[in-house]
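Numbering (the UniProt record's numbering), first residue to last: 1 to 185. Beta carbons: idealized from backbone N, C-alpha and C, even for Gly.
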């Protein structure tokens, strides 16, 4: 195939030559003979007319399906690029990983306000891990390495929440202030 043939459009190309029935029958016969000899080599038997009918049907199916023209895709106009600022809205229906993570935290915190045991089991360890990481990054200590300094930095309320097992979950407003304190570290 030449470069000129590659660069011509589909409308300018000459129509493909159709293969005759002889070539279809020849393909069926070739498939039949190869399959028959492979079956015989593995000590299996098959009827030659059945094999020929099978490969004939496959060749005929290929011939029919290849003769059907493929419909052209409709041309879609290019979408105009938005001008100026974005609308500022966020599509919450998308597969956003951050939204899923926030949703998971919302569920955990909602469950935790209703059930103190769940708060103790799920929320407190996560908050302690966050506090440890925050202390390590900003001050070079962890709760286990320097309890006195960590207690000073965290504050008495947050320290009590992280180290003692609370009997009940804090109220949402109190919890928000503790999280704010944790963020300020």
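Quiz prompt | Length of the line joining the Cα atoms of residue 156 and residue 179 | solution = 13 Å
Exercise. Within its chain, find whatever has a CB closer than 7 Å to the CB of residue 60; leave out the 5 residues flanking it on each side and keep chain order.
Key: 24
Quiz item: Are the Cβ atoms of residue 135 and residue 142 separated by less than 7 Å?
Solution: yes
Quiz item: Cα separation between residue 40 and residue 73?
Solution: 48 Å
Practice problem: Give me the Cβ distance between residue 182 and residue 122, rounded to the nearest whole Å; I'm assuming they're in contact under 8 Å. | Solution: Not really, about 16 Å apart at Cβ, beyond 8 Å.
Quiz prompt | Beta-carbon separation (whole angstroms), residue 159 vs residue 168, contact threshold 8 Å | solution = Going by Cβ atoms, the distance from residue 159 to residue 168 rounds to 18 Å, so no, they are not a contact pair.
Exercise. Starting from the C-beta of residue 46, find all residues in its chain whose C-beta is less than 6 Å away, skip the five residues before and the five after it, and write them out in chain order.
Key: 39
Self-check item: Backbone CA spacing between residue 66 and residue 50 [nearest angstrom]
Solution: 24 Å
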